[in-house]
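*Asks:* In my numbering, the protein residues as written are 3 to 439. Built from N, CA and C at the ideal position, the CB exists for glycine as well. This structure is a prediction, so every number in the text was calculated from the model and none was measured. Sharing a structure with you now.
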């Protein structure tokens, strides 16, 4: 029954009845039974975290909290101990000489309440008002079936599943938080979204250049009003388009594989200034590299790991590691995958601190994630890491787990690209741009 709140019975701050019409004879009998219970004004003196507990315990014992005779409850805590005192009219009962512990407090408090109010008979029925799908419905319910005791109780009933629509994507999902592109939403009702931050459709790649976004599709790059027919770029910075063999209009006799700040890294192991004024040979063909602050760690095909200070363009140290296949770094440590282990090195001098067994690894929030024997963080899963400068991705079949502020899962992924400014994941006709924090 849907009803408006046209009629109510309320006394001393206690709501005894609420409905769309005057109460029936049965409903009046229920009201009269509840009016037999004591109504008190709770005067609470104690830690804030115990106030709600006290109110719930009084309710469960049939003490109605409204406007009535003052009921003083004093609570003090120390470590695991709880001292309390209840004062009502001429009665004062405490446990000062026989303290209780936090876990035993509820039962001890109930016993004391029963001493103060020894003859309370809680009515067997009450008025339950349920809210579901925008409709209120009143019914008579049994008090024994509910922990809280009150003449009128409101109970919201939320659907556990909702429809989530993103453009032409439609799926029934469980209620909860969901990462949609660069935005986190709470699906607590049916939600339809047309424009989602970080979500693009029917494009092959998106590039972020400061606040500007450039789209690439079918061999064409759209730079504002200008359209270029071009191979998919390596990156775009300050309006300069970088491809595998060009920086802007300048041809490069090498293959560019990555851009960071004002330089690029090539497949032959050279750093080149985007302005074309300098080139610096730093390794043989790179296997993997990591950048932390102004420090570059680069691992080459010969097994040499080198640390460079990019600002001063100086070699800090180098180390030969047999069977090395991966590198990641934090401020004070360098992590190197070698055969079936991960070596933990001191970032200052490259000396070995520890060696752990691992099939793969990555750094997330400054901590080491280890993948071993198909287990990652206690979960059985098959796949491998893309280390990604502190925000790693774990690739498992067609699912991508991204470790950013929190773990996010992208289904049906078919393409991943990593940039200084973020990560791009392509899944079917959808393309997600996740900005780096």
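(1) Between which two residues does the alpha helix (DSSP H) harbouring residue 72 extend?
(2) Short of 7 Å in beta carbon distance, which residues of its chain neighbour residue 76, apart from the five on each side in sequence? Order them along the chain.
(3) According to the neighbour-count rule (16 or more other Cβ atoms, all chains shown, within 10 Å of its Cβ), is residue 23 buried or exposed?
(4) Tell me the start and end of each unbroken beta strand (DSSP E) in the stretch 10–79 that is at least 3 residues and wholly inside, in chain order.
(5) Would you mind working out which of 241, 112, 166, 223 sits nearest residue 233, comparing C-alpha positions?
(6) Applying the 10 Å Cβ sphere with the 16-neighbour rule, what's the burial state of residue 80?
(7) Within a Cβ cutoff of 6 Å, which residues of the same chain sit near residue 404, ignoring the five residues on either side of it in sequence?
(8) In the DSSP assignment, find the alpha helix (DSSP H) that holds residue 110 and state where it starts and stops.
(9) Where does the unbroken beta strand (DSSP E) through residue 148 begin, and where does it stop?
(10) So, for residue 158: in the same chain, excluding its five sequence neighbours on each side, which residues have a beta-carbon less than 6 Å away from its beta-carbon?
(11) Is the beta carbon of residue 451 sitting closer than 8 Å to the one on residue 155?
(12) With a CB to CB cut of under 6 Å and the five nearest residues on each side skipped, what residues in its chain are close to residue 450?
(13) Are the Cβ atoms of residue 373 and residue 391 separated by less than 8 Å?
(14) Given that a residue counts as buried once 16 or more other Cβ atoms are within 10 Å of its Cβ, and exposed if not, what is residue 69?
(15) Please name the residue, chosen from 216, 35, 220, that lies closest to residue 151 on a Cα-to-Cα basis.
(16) Pick helix, strand or coil for residue 342, following the three-state DSSP scheme.
(17) What did DSSP end up calling residue 430 once you bin it into helix, strand or coil?
(18) Which partner residues of residue 178 appear in the DSSP bridge assignment?
(19) How far does the beta strand (DSSP E) with residue 257 in it reach, from first residue to last?
(20) Roughly how many angstroms lie between the CA atoms of residue 153 and residue 28, to the nearest whole one?
(21) Tell me whether residue 98 sits in a helix, a strand or coil according to DSSP, three-state version.
(22) Once DSSP output is grouped into helix, strand and coil, what is the label at residue 424?
(23) How many whole angstroms separate the CB atoms of residue 200 and residue 402, which I take to be in contact at a CB cut-off of 8 Å?
(24) What are the boundary residues of the beta strand (DSSP E) that residue 1 is part of?
(25) What residues in its chain sit with their C-beta under 6 Å from that of residue 188, if we drop five residues either side in the sequence?
(26) Opposite residue 293 in the DSSP bridges: which residues?
(27) Which same chain residues end up closer than 7 Å to residue 351 when comparing Cβ atoms and leaving out the 5 residues on each side of it in sequence?
(28) Over what stretch of residues does the beta strand (DSSP E) that includes residue 268 continue unbroken?
(29) Can you find the residues in the same chain that come closer than 6 Å, C-beta to C-beta, to residue 368, ignoring five residues on each side of it along the sequence?
(30) Out of 138, 171, 104, 227, point me to the one whose CA is closest to residue 484's CA.
(31) Give a yes or no on whether 8 Å exceeds the smallest Cβ distance from residue 370 to chain D.
(32) Just verifying my parser: in three-state terms, what is the DSSP assignment at residue 391?
(33) For a test of the three-state rule: what should DSSP assign to residue 381, helix, strand or coil?
(34) Looking only at C-alpha atoms, which of 92, 82, 95 sits nearest to residue 102?
(35) Classify residue 268: buried if its beta carbon has 16 or more other beta carbons within 10 angstroms, exposed otherwise.
(36) Out of 337, 61, 208, 176, state which residue places its alpha-carbon closest to the alpha-carbon of residue 116.
*Replies:* Walking through what the data contain:
(1) Residue numbering aside, residue 72 sits at position 70 when the chain shown is read from its first letter. Residue 72 -> not in any alpha helix (DSSP H); beta strand (DSSP E) instead, spanning 71–80.
(2) As a working mapping, residue 76 is identified with position 74 in the chain shown. Within the same chain, residue 76 has close Cβ partners 47, 48, 86, 87.
(3) Sequence index remark: in the chain shown, residue 23 carries index 21 (1-based). It counts as exposed.
(4) 16–21, 41–47
(5) Within the chain shown, the letter at position 231 stands for residue 233. For residue 233, the nearest C-alpha among the options comes from 223.
(6) If you number the chain shown from 1, residue 80 lands on position 78. Counting Cβ neighbours within 10 Å, residue 80 comes out exposed, since fewer than 16 surround it.
(7) Here residue 404 is taken as the residue at index 402 of the chain shown, counted from 1. Within the same chain, residue 404 has close Cβ partners 395, 410.
(8) Indexing the chain shown from 1 puts residue 110 at position 108. Residues 107–118.
(9) What you label residue 148 is simply residue 146 of the chain shown in a count that begins at 1. Element bounds for residue 148: n/a, residue is neither H nor E.
(10) Translated into the one-based positions of the chain shown, residue 158 becomes position 156. Contacts found: 133.
(11) No statement about residue 451 is possible, as the shown extent of the chain runs from 3 to 439 and does not include it.
(12) Outside the displayed span of the chain (3 to 439) sits residue 450, for which this structure offers no information.
(13) Within the chain shown, numbered from 1, the residue matching residue 373 stands at position 371. Within the chain shown, numbered from 1, the residue matching residue 391 stands at position 389. No, the Cβ-Cβ distance between residue 373 and residue 391 is not below 8 Å.
(14) Reading the chain shown from its first residue, position 67 is the one you call residue 69. Under this definition residue 69 is an exposed residue.
(15) As a first step, residue 151 must be located in the chain shown, where it is residue number 149. The shortest C-alpha separation from residue 151 is found at 35.
(16) Residue numbering aside, residue 342 sits at position 340 when the chain shown is read from its first letter. Looking at residue 342 - three-state DSSP - the assignment turns out to be coil, as it is neither helix nor strand.
(17) For this step, residue 430 is matched to residue 428 along the chain shown. Residue 430: coil per DSSP, three-state reduction.
(18) Within the chain shown, the letter at position 176 stands for residue 178. Looking at the DSSP assignment, residue 178 forms a beta bridge with 189.
(19) In the chain shown, residue 257 corresponds to position 255, counting from 1. Segment: none, residue 257 is in no beta strand (DSSP E) and carries neither H nor E.
(20) Position 151 of the chain shown, counted from the start, is the residue given in the question as residue 153. Position 26 of the chain shown, counted from the start, is the residue given in the question as residue 28. Using only the alpha carbons, I get a separation of about 14 Å.
(21) What you label residue 98 is simply residue 96 of the chain shown in a count that begins at 1. Residue 98: coil per DSSP, three-state reduction.
(22) For the purposes of this step, residue 424 is identified with residue 422 of the chain shown, where counting begins at 1. In the structure shown, residue 424 sits in a strand (DSSP, three-state: E or B).
(23) Numbered from its first residue, the chain shown carries residue 200 at position 198. Numbered from its first residue, the chain shown carries residue 402 at position 400. About 14 Å separates the two Cβ atoms, so there is no contact after all.
(24) Any question about residue 1 goes unanswered here, given that the chain covers just 3 to 439.
(25) As a first step, residue 188 is located in the chain shown; it is residue number 186 there, counting from the start. Result list for residue 188: 179, in chain order.
(26) For the purposes of this step, residue 293 is taken as the residue at position 291 of the chain shown. Residue 293 is bridged to 298.
(27) Working through the chain shown from its first residue, we reach residue 351 at position 349. Around residue 351: 319.
(28) Taking the first residue of the chain shown as 1, we reach residue 268 at position 266. Its beta strand (DSSP E) spans residues 265–268.
(29) Working through the chain shown from its first residue, we reach residue 368 at position 366. Hits under 6 Å: 332.
(30) One cannot answer for residue 484 here, as it falls past the ends of the chain, which runs 3 to 439.
(31) The chain labelled as chain D is not found in the depicted structure, where only one protein chain is given.
(32) Counting from 1 along the chain shown, the entry for residue 391 is found at position 389. Helix at residue 391.
(33) The residue given as residue 381 occupies position 379 in the chain shown. In the structure shown, residue 381 sits in a strand (DSSP, three-state: E or B).
(34) The count along the chain shown starts at 1 and reaches residue 102 at position 100. The shortest Cα separation from residue 102 among 92, 82, 95 belongs to 82.
(35) Residue 268 sits at position 266 when you count from the first residue of the chain shown. Per the 10 Å Cβ criterion, buried.
(36) Locating residue 116 in the chain shown gives position 114, counting from the first residue. Ranking the options by Cα distance to residue 116, first place goes to 61.
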